[in-house]
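Chemist: The opening residue of the sequence shown carries number 10 in our numbering; numbering runs sequentially from there. Questions regarding the structure given below will be posed in turn.
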Amino acid sequence: MDWITPTVFFPLAWGFVLLIASQSKWGENNASRLALVGTLITLVFSIGLLAEYGLQPLNWKFGSFSEYVSYEG
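See the structure below:
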């Protein structure tokens, strides 16, 4: 389930950062529309990576959260 981190949280973070920067509601002006479109494009791209390459390259590229948590020096 390591793919959840890059596939889900990155697009959400991208969208919310842009939304906060625009300081408006979704779809209210061009900046918030850009945030929504950017979020959707990033999510589709992430899902496309999963479909194309499977889980292993994403695990290799982004690492596993459990590896960082369980690392004891």
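Backbone N, C-alpha and C fix where the C-beta goes; we use that ideal spot for every residue, glycine too. From a predicted model like this one, the values you see are computed outputs, not experimental measurements.
Which one of PHE19, PHE54, ASN38 and LEU43 has the shortest CA to CA distance from LEU27?
Modeler: LEU43
Chemist: Buried or exposed for GLY57, please, with buried defined as at least 16 other CB atoms from any protein chain shown within 10 angstroms of its CB.
Modeler: exposed
Chemist: Measure the C-alpha to C-alpha separation of LEU67 and ASN38 and round it to an integer number of angstroms.
Modeler: At LEU67, the pLDDT of 49 sits below 50, so the modelled position is not reliable; the number obtained from the coordinates is stated separately. Cα to Cα, LEU67 sits roughly 34 angstroms from ASN38.
Chemist: Using DSSP with H/G/I as helix, E/B as strand and the rest coil, what is PHE39?
Modeler: The amino acid at residue 39 is misidentified as Phe; the sequence shows Asn. The answer is helix: DSSP assigns ASN39 an H, G or I state.
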